[in-house]
Amino acid sequence: MSFDNTYNTNRFKLPLFQVTGQTCLKSVYNAAFGLIDNERREGFQFLADGIKQLAEQQGIQQPDVVLTDFDQQMKAALESQFPYSQQQICIHHINSNVLLNAKRLWKDESSENNGDSNSKSEQTRVALSSGDKETIIAMETCDDPFHQNSRTAPVSHDYRSVLELWRFVVFAHTRKTTKTHGCASAKSSTTSGLY
Numbered sequence: 001m002s003f004d005n006t007y008n009t010n011r012f013k014l015p016l017f018q019v020t021g022q023t024c025l026k027s028v029y030n031a032a033f034g035l036i037d038n039e040r041r042e043g044f045q046f047l048a049d050g051i052k053q054l055a056e057q058q059g060i061q062q063p064d065v066v067l068t069d070f071d072q073q074m075k076a077a078l079e080s081q082f083p084y085s086q087q088q089i090c091i092h093h094i095n096s097n098v099l100l101n102a103k104r105l106w107k108d109e110s111s112e113n114n115g116d117s118n119s120k121s122e123q124t125r126v127a128l129s130s131g132d133k134e135t136i137i138a139m140e141t142c143d144d145p146f147h148q149n150s151r152t153a154p155v156s157h158d159y160r161s162v163l164e165l166w167r168f169v170v171f172a173h174t175r176k177t178t179k180t181h182g183c184a185s186a187k188s189s190t191t192s193g194l195y
């Protein structure tokens, strides 16, 4: 089951807590929704209690895997209600975090040299653009042209290239592909980017 909060989706401006599941046919279904007025453990505990009670009333077994984002309060509340379920981080949140941290490390050198670094907060400068978000969504699909390209050329030394290398490693179909693309490209990228 996947547990997530969505923001700014209702007139009350309360986070929408969503619970989704996946069938054996890999189709996704909505299991439950809830609005919470805080993001503390007790708020998530209230919702997790409700989910567990509903599951017990309907004779539904505990999930084998619980997917969440990085929210420690949510994870703690779910751990208390589903202690035998393995907790994992959603791949979408991992990919977003990789891109955000790559942008943070490879800031635009021209803006730093112009002295613009003080005019905007770091969070604003490295926030994910709509193009970045589209890239993340595209990289999570297996049919995009990225998977059909061969990665033998050196990669430029910027945050987009880090994302490209990340995609090769995470979405590689075989161990050989991972080693070939991940290690060789990273070495050539670092070498060509430093000189």
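Counting along the sequence shown from 1, when you hit position 189 you're at 189 in UniProt numbering, and nothing is skipped either side.
Quick reminder that beta carbons are idealized off the backbone N, C-alpha and C, glycines included.
- Of all C-beta pairs linking the stretch 80-98 to the stretch 36-54, three or more are shorter than 8 Å, placing the two stretches in contact.
- The stretch 92-102 and the stretch 157-168 touch, with no fewer than 3 CB-CB distances between them shorter than 8 Å.
- Excluding sequence positions up to five before and after D37, its CB lies within less than 8 Å of the CB of L14, G43, all in the same chain and listed in chain order.
- Around the beta-carbon of V19, 16 or more other beta-carbon atoms lie within 10 Å, marking it buried.
- Straight through space, the alpha carbons of F33 and T6 are spaced by roughly 11 Å.
- In the structure shown, F33 adopts extended strand secondary structure according to DSSP, grouped into three states.
- Contact check for A31 and M1: beta-carbon distance about 6 Å, within the 8 Å limit, so the pair qualifies.
- For L25, the number of other beta carbons within 10 angstroms of its own is below 16, and it is reported as exposed.
- Annotation: L14 is outside any alpha helix (DSSP H) and is labelled neither H nor E by DSSP.
- No Cβ-Cβ contact shorter than 8 Å links I91 with D69.
- According to the DSSP secondary-structure assignment, D4 is paired through a beta bridge with Q18.
- Rounded to the nearest whole angstrom, the CA to CA distance from V28 to W106 is 36 Å.
- The three-state reading of DSSP puts Q87 in strand, counting E and B together.
- Counting the other Cβ atoms within 10 Å of the Cβ of E39 gives fewer than 16, which makes it exposed.
- One thing to note: Q87 has its Cβ within 8 Å of the Cβ of L78.
- Secondary structure of L25 (DSSP, three-state): coil.
- For Q72, the closest C-alpha among the options G21, Q45, N10 is that of Q45.
- Here V65 is bridged, per DSSP, to Q86.
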